[in-house]
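Q:
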Amino acid sequence: MHAKAVRIRPLFLVLAALTLTGLGACTDTVYRDRPPFNTPPDAASGFLGYYDASTGQTTCGNCHVGQQGDWSQTKHATAWNTLQSSGFAQPFCEGCHSVNSRGNQPLAAVGYDSVKTEVYHDVQCESCHGPGFKHVTNPSVDSTRPIPSVNIDTAIAVANNSCGACHTDNATAKHHNYLKEWLSSRHGKLNAYPAGIASCAGCHEGKAAILRFAGNRSYQENGTTTLLPQNCVVCHDPHGSAKDAQGNVLPGQLRYPIDSPDLTLNLCTQCHNRQGDATPSGFRGPHGAQGPVLFGTAGYFPVGSSYDTTAILSSHGSTANPKLCAGCHVNRLTGVDTAGNSITFSGHSFHPLPCLQQKSPPVVDTTFANTCAFDAPSRSWASCTASGCHATEAIAVQRLTQFEAEKNGYIDVLWIDVNQNKAVDAFPTDSGYLPKIKLNSPNDLDFVNPPFSTVLTAAKGALFNTQLAGEALASHPDGSHGVHNPFLFRALLQASIADLLATYGTFLPAPPAPIMAAIQNAVRSGQLRVAPATEKMVINPDAARTGTQVSSHR
C-alpha cells in the first residue's frame, strides 16, 4: 500500500511573510515550496505520472488529495508490483499495469510505452483521465481538464477506451475476460425502450444509474443523449472510495456492499428490488423482484396465510451464503478454451451456472450464450458446491430438477399460457384456475376499469405469484427457476391454490392428487398457515364445497 497523500503548496504561494512584533524585534520567514508537478518524462505526450514514485504520490494527487487517498487503497495503486510478483510477468502484460494509452484513447505509443520509467508504473489517474500536463500548467482553463469516458465497447472507436481497454484479454493467457462476459449479460445489452423512459432509466440506462448510485459526476458522456447500458462504472467506483458500515474499503471498488441483507444497502438490490408485491392495478406483475424473493419478502399471501420462515435460514438468502447474490452469480472458473489455452471465467456474465464445452478439463463456453442443458455435464456447478452447501454437483442438479418440477406443477394448476402472450385469456384459450376465473368471474381479474381495478382480489394475488415464479409468464419475473428461494415459492403457490379453491370452489376442480396432498401436508405440519375457511376447504374439500361462495366481484 502506498503512503498516504501529502498536500504540497503550489508555486504561486511561494512567499509568505510572518512578522512578529515584540521586544523591538522582527522576524521574516520565507517558504520555499516545490512546484506541484515535474516535467513529464514523455514530454511529447503530456503524461505526468508519479510526482514521487517512491511514495506512490501521483502528480494529480498533489491537488486532488481525497482522490489520491482513495485510489491509494485500490489494486490499481499496486498494479505494477502485483504483476512483477505474480510469477507470470511478461512484457506484453506491462501495458495494463502502467500509464499509457490504454483506457484514455490516445493513438500513439505514450507514457510507459514510450519511456520505460517507474514514474509510469501502476494504473494511475491518467490511465483513465488521459494526459494531465496541460491541465496542471493552467488549471483554470476548463477545456484542458482531462475528463474520462465511461463508455465500454469492443468497437474500434472505443476499443482503447475506459475500463474495457484492459479488462479484456485477447492474448494467449486469457485471464481478463470481463468485457466479453459483460457484453453477453443483461447488464451489457442496452434495451432502448426502458432506458429512454425517465422513470425506468435509473436501472436501465448507465448514466442515470451512475447519477442514482454516485450523484452527478464529470465524465465525457454525462449530459449527452447517448443511451448507455449498465457498465462497469455503475457498480464499481473508479476511485474506490466506498466503505462499509465499519469504515472498511469495499472489495473490488464496489459502490455498495454485496454481503448486506438490507435491500436498501446491498449493491444488487439497488435495482433488483422493484415490484415485489401484488397491487390492484398491477397487470404487468413482478418487475426486478429478485432481492425480495431472495430475502423472503416478495409475493402475495392471502389474508390469514403465512409460512414458516425458519425454513429460509439455510437458504441462498441467509448467512449460509454470505455474498448473497454475488455468491452464486459472480464466481471465477479456471479452465481452457477450445485451443487448450488457459482461460479464467470471471463471473461477469452473471450466469450462476455457466456453460462448459467440456467437463474435464473444464472448457469454458466463450460465447457465453448460456443456452446449454441444466445438467451436470453441460455446466459448471461450482457456485453450488464452493460454499459447502451442496456437497456434490449431483446433489445440486437433483435439487434444482426436483424443485423446478414441483414448482411447475403448481404453476400449471394456476395458469398455462397456451398462446404465450403473457396475458390471462379466458378458458379454454388458456387453461388452469386463472383462465377459468377469467371466464366465470372476469371482474376479479380486471386491472383497468373502476371499481374493480382498485380491488386486490384472490385471483389477482394468485396471478402475481404465478408470474413471479414462472419464467415466461411476465416481462421481468424472478427468473431463477425457483432457486432464489424455493421455500418461499412453494408457500406462495400452495397458498394461492388453496385460496382460489376457498374463494371460487363452485367452479374450480380439485388440483391433481399429488398437489393437493402436498398442500394438505404443509397445512397439517404448520409449514403453511391459512385462514380457517381455507384450511377447511383444503383438508376436507367435499364438505367445504357446499358453503363456498363465488367472489362478490363476479
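In the working numbering, each number is its position in the sequence shown, counted from 1, plus 18.
Where is the CB? At the ideal position from N, CA and C, for every residue including glycine.
#1: Provide the residue span of the beta strand (DSSP E) that contains G353, from first to last.
#2: Could you have a look at S90 and say whether DSSP puts it in helix, strand or coil?
#3: Nearest by alpha-carbon distance to Y318: which of T337, A329, I330 and P298 is it?
#4: Determine contact between the segment 406-418 and the segment 257-275, defined as no fewer than three beta-carbon pairs at a distance below 8 Å.
#5: Residues in the same chain with beta-carbon distance under 8 Å from H290, minus the five sequence neighbours each way, listed in chain order, please.
#6: Among the candidates N195, Q102, I413 and R508, whose CA atom is the shortest distance from the CA of A579?
#7: Whose C-beta lies closer than 7 Å to the C-beta of N249 among residues of the same chain, with five residues either side of it excluded?
#8: Could you spell out the range, first to last residue, of the alpha helix (DSSP H) harbouring F65?
#9: Within the continuous alpha helix (DSSP H) that includes L197, where are the two ends?
#10: Would C78 and C181 be called neighbours here (beta carbons separated by less than 9 Å)?
#11: DSSP three-state call for D140: helix, strand or coil?
#12: So, with DSSP's three-state summary, where would you put G121?
#13: Taking the alpha-carbon positions, what's the T403 to A338 distance?
#14: Could you work out which residue in P109, V501 and A476 is closest to G322 when comparing CA atoms only?
#15: Excluding the 5 residues preceding and the 5 following H369 in the sequence, name in chain order all residues of the same chain whose CB lies nearer than 6 Å to its CB.
#16: Note the first and the last residue of the continuous beta strand (DSSP E) segment covering Q102.
#17: Do you know whose CA, among A62, G121 and P58, lies nearest T76's CA?
#18: Identify, in the order they occur along the chain, each residue of the same chain with its Cβ nearer than 8 Å to the Cβ of G40, setting aside the five sequence neighbours on each side.
#19: Within 10 angstroms of its Cβ, does Y325 collect 16 or more other Cβ (buried), or is it exposed?
#20: When we look at the beta-carbon of G233 and count the other beta-carbons within 10 Å, is it buried (16 or more) or exposed?
#21: Just how far apart, CA to CA, sit D462 and F470?
#22: Grab the span of the alpha helix (DSSP H) containing L374 for me, first residue to last.
#23: Grab the span of the alpha helix (DSSP H) containing S396 for me, first residue to last.
#24: State buried or exposed for A400, treating a residue as buried only when at least 16 other CB atoms are found within 10 Å of its CB.
#25: From C346 to P340, what does the alpha carbon distance come to, in whole angstroms?
#26: Does DSSP put Y130 in a helix, in a strand, or in coil?
#27: Y69 to N122, Cα distance in whole Å?
#28: Spatial neighbours of I276 within its chain, please: CB distance less than 6 Å, with the 5 preceding and 5 following residues excluded, ordered by chain position.
#29: Throw me the rounded Cβ distance for the F421 and P504 pair, which I believe falls under 8 Å.
#30: Quick one: residues in its chain with C-beta nearer than 7 Å to the C-beta of H153, no 5 flanking neighbours on either side, listed in chain order?
#31: Of all the options R204, D140, A316 and E199, which has the alpha carbon lying nearest to the alpha carbon of D383?
#32: Identify, in the order they occur along the chain, each residue of the same chain with its Cβ nearer than 8 Å to the Cβ of T552, setting aside the five sequence neighbours on each side.
#33: Between the C-alpha atoms of V137 and D255, what's the straight-line distance to the nearest angstrom?
#34: Give me, in chain order, the residues of the same chain whose beta-carbon lies closer than 7 Å to that of T472; leave out the 5 immediate sequence neighbours on both sides.
#35: Take S367 as the anchor and find which of A423, K207, D262 and G497 has the nearest alpha-carbon.
#36: My assumption, with CB atoms under 8 Å, is that S398 sits in contact with L351. Please give the rounded CB distance.
A: The answer reads as follows:
#1: L351 to V354
#2: coil
#3: P298
#4: no
#5: G306, A307, Q308, G309 and C343
#6: Residue 579 cannot be examined here, being either before or after the span of the chain that is shown, 19 to 572.
#7: V168, I170 and G224
#8: Here F65 belongs to no alpha helix (DSSP H), and DSSP marks it neither H nor E.
#9: Y196 to S202
#10: no
#11: coil
#12: strand
#13: 12 Å
#14: A476
#15: N388
#16: That residue, Q102, is in no beta strand (DSSP E); its alpha helix (DSSP H) goes A97 to Q102.
#17: P58
#18: Residue placement at G40 is flagged as unreliable, the pLDDT there being 43, under the threshold of 50; the coordinate-derived value follows with that caveat. No residues qualify anywhere along the chain.
#19: buried
#20: exposed
#21: 7 Å
#22: Per DSSP, L374 belongs to no alpha helix (DSSP H); it is in the beta strand (DSSP E), L374 to Q376.
#23: Note, S396: premise wrong, no alpha helix (DSSP H); not H, not E.
#24: buried
#25: 10 Å
#26: helix
#27: 20 Å
#28: L285, K341 and A344
#29: 5 Å
#30: T162, R163 and P164
#31: E199
#32: P320, G322, S323, A516, D517, L519 and A520
#33: 24 Å
#34: P298
#35: K207
#36: 5 Å
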